[in-house]
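Visitor: With the sequence shown counted from 1, adding 22 to any position gets you our numbering.
The C-beta atom is built at its ideal place from N, Cα and C for all residues, glycine as well.
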Amino acid sequence: MNVIDEVLERNRIFVKEKAYEKFVTDKYPSKKLAVLSCMDTRLSGMLTEALGLKNGDAKIIKNAGGLVISPFDSAMRSLIVAVYELGVENIMVVAHSTCGACNMSYAHFKKEMLAKGISEETLNIVGRCGIDLDEWLEGFKDTPASVRKTVDTIKNHPLMPKDLEIRGFIINSTTGELEEINCD
Numbered sequence: 023m024n025v026i027d028e029v030l031e032r033n034r035i036f037v038k039e040k041a042y043e044k045f046v047t048d049k050y051p052s053k054k055l056a057v058l059s060c061m062d063t064r065l066s067g068m069l070t071e072a073l074g075l076k077n078g079d080a081k082i083i084k085n086a087g088g089l090v091i092s093p094f095d096s097a098m099r100s101l102i103v104a105v106y107e108l109g110v111e112n113i114m115v116v117a118h119s120t121c122g123a124c125n126m127s128y129a130h131f132k133k134e135m136l137a138k139g140i141s142e143e144t145l146n147i148v149g150r151c152g153i154d155l156d157e158w159l160e161g162f163k164d165t166p167a168s169v170r171k172t173v174d175t176i177k178n179h180p181l182m183p184k185d186l187e188i189r190g191f192i193i194n195s196t197t198g199e200l201e202e203i204n205c206d
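#1: Just to confirm, is the Cβ distance from K163 to E111 under 8 Å?
#2: Less than 7 Å between the CB of V90 and some heavy atom of the ligand NAP, yes or no?
#3: Sort G198, V105, P93, E143 by Cα distance to P51 and report the nearest one.
#4: Rounded to the nearest angstrom, what separates K76 and K132 at their Cα positions?
#5: Go to S92, then tell me how far its alpha helix (DSSP H) extends in each direction, as first and last residue.
#6: Report yes or no: do the region 28-35 and the region 54-65 share at least 3 C-beta pairs separated by less than 8 Å?
#7: Got a sec? Which residues, its chain only, sit under 8 Å from M135 by beta carbon, not counting five neighbours each side?
#8: Let me know the beta strand (DSSP E) ranges lying completely inside the region 33-98, each 3 residues or longer, listed in chain order.
#9: What residue ranges within the region 124-183 form continuous alpha helix (DSSP H) runs of no fewer than 4 residues, ordered along the chain?
#10: Counting Cβ pairs closer than 8 Å, one from the region 146-163 and one from the region 185-197, do we hit at least three?
#11: For the beta strand (DSSP E) that contains N112, what are its first and last residues?
#12: Is the CB-CB distance between L101 and I82 below 8 Å?
Here it is, written out as structure tokens:
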């Protein structure tokens, strides 16, 4: 049985046993909070636990690095929806220690893509479509600076109201301890 079939089997059990009942809530975050964080597996369960959040308390938005890489990317879109549609008034940007995005580069990904059968021609076509793969797949070298940049992008976004509380943090990937980053 492959991994996806195992997941589907576990899902059938979850539904049959009505394990979903403890997660029933509505779409509005009760704490009026959105958290933008990294998709790192170490944070899958720990992030909400370390923040003292239960299901329904906050909107959790995850991507590689916990970044807003451009003013109109999907993370920013999700935050705008959270504010205007779901009543979010507070945003936490939570990066983490030893993040893999610190080492991301297009040069690495290009080598991996070519090894998995993506042609050089395809990569060139993507580049001609206006996507700068060097920039799009670049990570960051300085986690606090990355948090400050993301917080700044959110705070100064032309579609974001000025009365939001937006703060940045780095969570320790092992202990869950939060360090607030001065973003002023």
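Guide: The short version:
#1: For the purposes of this step, residue 163 is identified with residue 141 of the sequence shown, where counting begins at 1. For the purposes of this step, residue 111 is identified with residue 89 of the sequence shown, where counting begins at 1. Taking the C-beta atoms as reference points, E111 is found no nearer than 8 Å to K163.
#2: In the structure on display, the ligand NAP does not appear, and there are no ligands present to speak of.
#3: Sequence index remark: in the sequence shown, residue 51 carries index 29 (1-based). Nearest C-alpha to P51 among G198, V105, P93, E143: V105.
#4: One-based indexing of the sequence shown puts residue 76 at position 54. One-based indexing of the sequence shown puts residue 132 at position 110. Approximately 39 Å between the Cα atoms of the pair.
#5: Reading the sequence shown from its first residue, position 70 is the one you call residue 92. Careful: S92 lies outside any alpha helix (DSSP H) and carries neither H nor E.
#6: Verdict: no, contact absent.
#7: Along the sequence shown, one-based indexing puts residue 135 at 113. If we look at M135 and ignore the five residues flanking it on each side, its Cβ neighbours are L145.
#8: For the region 33-98, whole beta strand (DSSP E) runs of length 3 or above, ordered along the chain, are 55-60, 80-85.
#9: Those alpha helix (DSSP H) runs which fall completely within the region 124-183 and span 4+ residues are 128-137, 142-150, 155-158, 165-177.
#10: No, because fewer than three Cβ pairs between the region 146-163 and the region 185-197 fall closer than 8 Å, the two stretches do not touch.
#11: Along the sequence shown, read from residue 1 onward, the residue named residue 112 stands at position 90. Here the beta strand (DSSP E) through N112 covers 112-118.
#12: Indexing the sequence shown from 1 puts residue 101 at position 79. Indexing the sequence shown from 1 puts residue 82 at position 60. Against a cut-off of 8 Å, the Cβ pair of I82 and L101 comes out as no contact.
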